[in-house]
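Per our numbering, residue 431 is the first one in the sequence shown, and the count goes up by one each step.
Just below is one structure, and these are the notes that go with it.
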Amino acid sequence: MWAEFYERGVMGLGWDELGDLSIYDSKQEIRDRLREIHGSDSSFVNSALATWQFVHELKPGDVIFAKRGMSEIIGRGVVEGDYEYDPEGGEYPHLRSVKWTDKGSWKSDSPLAMKTLTEVTDYTDFVTKTKELFSAEDEEDVEDAPAAEQPAYDKSDFLADVYMSESQYDTLVGVLRSKKNIILQGAPGVGKTFAAKRLAYSMMGVKDPERVMMVQFHQSYSYEDFIEGYRPSADGFELEKGAFYTFCKRAQDDSENDYFFIIDEINRGNLSKIFGELFMLIESDKRGPKNKLQLLYSRELFYVPGNVYLIGMMNTADRSLAMLDYALRRRFAFFDLRPGFDADGFVAYRKGLESEKFDELVACVARLNEAIADDDTLGEGFCIGHSYFCGLKAEDVTDAKLSAIVEYELIPMLREYWFDEPSKVREWADALRRSIK
């Protein structure tokens with residue numbers, strides 16, 4: 431169908447037996463429907479993912495490559511329209527309008543994905559090499575592609591999603607606006623990662639993932655990953671830019687909008703090694719082109735734009751981690767996220783489930799948190815968060831589900847907390863089990 435689709439200016443997807451894909455509310459619904467149609471024990475994971483992404487994740491402005499087999503690229507285009515269902519479309523009734531910019535044959539150095547539809551955004555080496563196959567003139571077509579309209583997202587949306595009081599939110603935003611860098615710290619399950627992205631969206635006023643980037647620090651994460659460094663290549667070594675450098679350059683080109691760089695597990699990395707000379711540049715009063723510093727490898731003069739905000743996350747209950755570098759600690763504000771069982775949003779959510787056993791379990795965890803906070807060897811940083819109980823619907827709140835939360839999530843955590851006090855573990859394990867009987 432390639433020649434026809436090229437002429438029509440469309441891309442098409444099969445699975446005609448599913449009908450209109452927009453009627454499905456989740457990938458699981460698509461998988462269930464495929465099992466029902468084909469009477470098969472197959473998981474249909476890739477089929478559900480491809481059809482779901484075609485409808486919900488592709489957006490105008492996205493660049494797509496058409497391939498033949500696993501070694502040849504035969505075209506490139508820019509998505510222009512939303513999902514359309516053509517019941518008369520035969521084998522390929524699922525369509526997107528596309529401005530095809532290239533047609534031909536280009537051989538790929540590395541094997542291409544076998545899946546029908548594969549998102550390649552995160553395969554940066556592949557994207558870079560593939561883009562180099564096409565002329566600079568074609569790149570202008572991509573830059574001129576229409577931008578997708580992003581949904582609005584404000585304070586009220588944040589408070590509906592995150593179990594936090596309005597006054598806490600106002601304080602959090604005020605501190606981040608002033609300091610530019612903040613670390614959300616708290617015990618397991620208080621929703622640090624969940625809150626971080628939504629905080630960024632609420633401050634931007636729009637749910638635009640293009641202006642938010644997340645990385646996770648670990649023991650092997652380095653300056654070369656974060657800023658720049660030499661990487662092996664076919665011809666020896668090449669200087670490659672890191673995640674934060676690339677993100678800052680993108681923000682520099684869009685100075686009218688805010689950008690948010692999120693670092694998960696910030697205290698797991700060797701921070702002095704990762705940040706290098708950026709220790710100074712990330713300070714709120716050292717932003718902008720007047721405070722350029724020379725980078726280690728390229729010798730380029732670099733600065734952190736004023737429209738970039740850093741949000742780090744830190745688990746206060748992980749005793750295996752070292753304290754944060756004091757030089758970095760001075761450059762970040764710290765905001766405690768606490769269990770939100772008393773937040774208006776969680777109370778409304780709990781009442782909506784209409785489950786007495788769920789209420790009893792939450793009440794027991796609240797008493798447990800009081801005991802943890804009063805324990806001299808633990809404290810508030812080890813309290814159990816509300817996210818262990820989130821995302822449930824009334825029909826999900828079964829004895830098996832509540833028991834699984836208690837047995838496989840809460841009790842193992844208590845064994846780690848009180849590894850030298852087994853009697854206390856037994857006491858609270860019994861209490862949690864009784865609450866759901």
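Built from N, CA and C at the ideal position, the CB exists for glycine as well.
Everything numeric in this text was worked out from a predicted model, so none of it was measured.
Residue burial classification, residue i (beta-carbon count within 10 angstroms, cutoff 16)
| i | result |
| --- | --- |
| MET431 | exposed |
| TYR838 | exposed |
| LYS722 | exposed |
| GLU562 | exposed |
| LEU448 | buried |
| GLY442 | buried |
| TYR583 | buried |
| TYR756 | exposed |
| GLN615 | buried |
| GLY699 | buried |
| THR828 | exposed |
| GLU695 | buried |
| SER586 | exposed |
| LEU669 | exposed |
As assigned by DSSP and simplified to three states, the class of residue i
| i | result |
| --- | --- |
| GLU459 | helix |
| TRP858 | helix |
| LEU822 | coil |
| ASN697 | helix |
| ILE835 | helix |
| ALA763 | strand |
| GLY770 | coil |
| SER663 | strand |
| ASP638 | coil |
| ILE657 | coil |
| MET744 | strand |
| GLU810 | helix |
| MET633 | helix |
| TYR779 | helix |
| LEU751 | Confidence at LEU751 is low in this model, with a pLDDT of 48, below 50, so the placement of that residue should be treated as unreliable; the coordinate-derived value is given next. Three-state result, LEU751: coil. |
| PHE435 | helix |
| ILE872 | Any question about residue 872 goes unanswered here, given that the chain covers just 431 to 867. |
| ASP532 | strand |
| GLN646 | strand |
| VAL827 | coil |
| TYR651 | coil |
| LEU798 | helix |
| SER538 | coil |
| LYS867 | coil |
| SER527 | strand |
Cβ neighbours of residue i in the same chain (closer than 6 Å, five flanking residues each side left out)
| i | result |
| --- | --- |
| GLU713 | ARG761 |
| GLU686 | none |
| PHE667 | TYR660 |
| ASP492 | VAL509 |
| LEU542 | LYS497 and MET500 |
C-alpha distance - residue i paired with residue j, whole-angstrom precision
| i | j | result |
| --- | --- | --- |
| ASP826 | TYR818 | 14 Å |
| THR551 | MET594 | 33 Å |
| HIS524 | LEU606 | 44 Å |
| PRO618 | LEU808 | 13 Å |
| TRP848 | ARG856 | 10 Å |
| ALA859 | PHE776 | 24 Å |
| THR554 | THR676 | 12 Å |
| ILE835 | ALA626 | 24 Å |
| ILE866 | GLY718 | 56 Å |
| ILE802 | PHE771 | 15 Å |
| SER597 | ASP806 | 29 Å |
| GLY469 | PHE556 | 37 Å |
| LEU726 | SER663 | 20 Å |
| THR601 | SER702 | 29 Å |
| THR746 | GLU514 | 48 Å |
| SER538 | SER785 | 56 Å |
| ASP850 | GLY635 | 48 Å |
| TYR436 | LYS529 | 9 Å |
| PHE495 | GLY511 | 16 Å |
| ARG628 | LEU589 | 9 Å |
| TYR522 | TYR733 | 49 Å |
| PHE764 | LYS622 | 12 Å |
| GLU832 | GLY811 | It should be pointed out that residue 832 corresponds to Leu in this sequence rather than to Glu. Distance between the alpha carbons of LEU832 and GLY811: 24 Å. |
| LEU862 | ASP684 | 52 Å |
Same chain, Cβ closer than 7 Å to residue i, neighbours up to 5 away in sequence not counted
| i | result |
| --- | --- |
| ALA681 | TYR689, PRO735, ASN737 and VAL738 |
| PHE474 | ARG461, LEU464 and ARG465 |
| ASN799 | PRO769, CYS813 and ILE814 |
| SER871 | Residue 871 lies beyond the range of the chain shown here (431 to 867); nothing can be said about it. |
| VAL642 | LYS627, ALA630, PHE690 and ILE692 |
Cut-off 8 Å between Cβ atoms - residues of its own chain near residue i, not counting five sequence neighbours on either side
| i | result |
| --- | --- |
| GLY672 | TYR653, GLU654, ASP655, PHE656, ILE657, GLU658 and GLY659 |
| GLY782 | ALA824 |
| GLN458 | ALA478 |
Residue i CB to nearest heavy atom of the ligand MG below 7 Å
| i | result |
| --- | --- |
| CYS820 | Looking at this structure, you won't find the ligand MG or any other ligand, since it has none at all. |
Q. Mind pulling the alpha helix (DSSP H) runs of 4 or more residues that sit fully within the segment 544 to 629?
A. DSSP assignment within the segment 544 to 629 yields the following whole alpha helix (DSSP H) runs of 4 residues or more, N-terminal first: 554 to 562, 566 to 573, 585 to 591 and 596 to 609.
Q: Could I get the ranges of all uninterrupted alpha helix (DSSP H) runs contained in the segment 700 to 733, with 4 residues as the minimum, in chain order?
A: As for any alpha helix (DSSP H) of minimum length 4 sitting wholly inside the segment 700 to 733, the runs are 701 to 705 and 708 to 711, ordered along the chain.
Q. What are the complete alpha helix (DSSP H) segments, minimum 4 residues, inside the segment 446 to 522?
A. Complete alpha helix (DSSP H) runs here, min 4: 457 to 468 and 475 to 486.
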